[in-house]
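Asker:
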Amino acid sequence: MCMVIFAPIFAICAFATCGGYYGHLQVKVDCADRRQNNRSINIDFGYPFRLQQVHFKAPLCKENRDEIIFLEGDFSPAAQYFITVGVFAFLYSLLATIVYVFYQNKYLKNNRGPLVDFVVTIIFSFMWLVSSCCWAKTLSDIKTATNPTQVLLLITSCRAQENKCTATAEPLWSRLNTSVVFGFVNVVLWSGNIWFVFKETGWYKTGQRYPTRSASGKRSGSMRQRLYSESSFDQPEENSAPSRQNSFNLSKGDFDHQLQRQASINQSQVSFSLPQTYLGKPVIYDREDKVASQGPMIFVNEM
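Using full-length UniProt numbering, you'd call the opening residue of the sequence shown number 1 and step up by one each time.
1. Quick test of your reading: G23 and P171, contact by CB under 8 Å. State the CB separation rounded to the nearest angstrom.
2. What does N147 pair with, by DSSP beta-bridge criteria?
3. Can you tell me which of the three DSSP states G46 falls into?
4. Please confirm whether W135 and V187 have their CB atoms less than 8 Å apart.
5. Using a Cβ distance threshold of 8 Å, determine whether the segment 110 to 130 contacts the segment 67 to 76, with at least three qualifying pairs required.
6. Between the C-alpha atoms of I123 and R159, what's the straight-line distance to the nearest angstrom?
7. According to DSSP, simplified to helix, strand and coil, what is G20?
8. Alpha carbon to alpha carbon, what distance is there between V151 and N38?
9. Measure the C-alpha to C-alpha separation of S174 and S140 and round it to an integer number of angstroms.
10. Using the beta-carbon count (16 or more within 10 Å), is L95 buried or exposed?
11. Going by Cα to Cα distance, which pick from I5, I142, A167, N110 is closest to P177?
12. Within 10 angstroms of its Cβ, does W195 collect 16 or more other Cβ (buried), or is it exposed?
13. Within 10 angstroms of its Cβ, does Y210 collect 16 or more other Cβ (buried), or is it exposed?
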């Protein structure tokens, strides 16, 4: 979103401040023989800064004629590269804005849009960095080549000490300095946008879906597995509880049947109570009141 809002603006500011630059330099030559006094020389230059093509006429004080002098240096490659990156970045940011607003579904389909956007953003970040650094160095060289002191040394009449040469006007560099600043602002903007574009790719979503487990996470996972195994080990005990209860109920029924038989034989006993019972292994009695088989035992406290 930050690229959609600010990238076109800063791209326009970068190539507009560089591409529309116009510099003006003026020097004055006073000859010692007074043949040509107060001779003003105007030197104009600008983008793409092919200074070797910029020429001007300077007086030859001794010969009473003019000479043609060219400035030194061709700084067009770095300047044109900076402008090209700015223009293409502006066009791509506009295209991305249209896709984000009107074709969001197609952009996210099959994860192709975010991947392409991610790669292009990295490329433009690198290109902005290279072009801004090259343009900053080139601007320093342009300032040196158009320095009034350096230009006066190119004039033959100014090399003689009897002649007087001065600079009456110097170029203003604030606009080109601003272009360098906007170039590095674009570097920060596009580099920071890499993270936001990366979040839209499937790589980031895959990393979120399957996070890496740390050592503490592995220990907690092993602890949960151990607790689960212990609970599964205890489950048969819980399942066997109903079977023991059923066997206890069956043993209790047999015991009640025996009590009824004893009550019919011993009529003198009016009643009996069974206040407490203890469940052990069940005991099965045969007809002779002998223990045939020993199971869970039941102890009865008679009152």
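C-beta: ideal position from N, C-alpha, C; glycine also.
Answerer: A quick look at the data gives this:
1. Counting from 1 along the sequence shown, the entry for residue 23 is found at position 23. Counting from 1 along the sequence shown, the entry for residue 171 is found at position 171. Contact flag correct, Cβ pair sits at about 4 Å.
2. Along the sequence shown, read from residue 1 onward, the residue named residue 147 stands at position 147. N147 is not bridged to any residue.
3. Reading the sequence shown from its first residue, position 46 is the one you call residue 46. It is a strand residue.
4. For the purposes of this step, residue 135 is taken as the residue at position 135 of the sequence shown. For the purposes of this step, residue 187 is taken as the residue at position 187 of the sequence shown. Not closer than 8 Å, so no.
5. no
6. Position 123 of the sequence shown holds residue 123. Position 159 of the sequence shown holds residue 159. Between the alpha carbons of I123 and R159 lies a distance of about 50 Å.
7. Residue numbering aside, residue 20 sits at position 20 when the sequence shown is read from its first letter. Three-state result, G20: coil.
8. Position 38 of the sequence shown, counted from the first residue, corresponds to residue 38. Position 151 of the sequence shown, counted from the first residue, corresponds to residue 151. Roughly 17 Å separates the two Cα atoms.
9. On the sequence shown, position 174 is the one that residue 174 refers to. On the sequence shown, position 140 is the one that residue 140 refers to. The alpha-carbon atoms of S174 and S140 are separated by roughly 13 Å.
10. To locate residue 95, count along the sequence shown from 1; it is residue 95. Classification of L95: exposed, given that the 10 Å Cβ count is below 16.
11. Working through the sequence shown from its first residue, we reach residue 177 at position 177. The question names Pro, but residue 177 is Asn in the sequence shown. The shortest C-alpha separation from N177 is found at I142.
12. For the purposes of this step, residue 195 is taken as the residue at position 195 of the sequence shown. By the 10 Å Cβ count, W195 comes out exposed.
13. Against the sequence shown, residue 210 aligns to sequence position 210. Here Y210 scores only 44 on pLDDT, less than 50, and its place in the model should not be relied on; the value that follows carries that caveat. So Y210 ends up on the exposed side.
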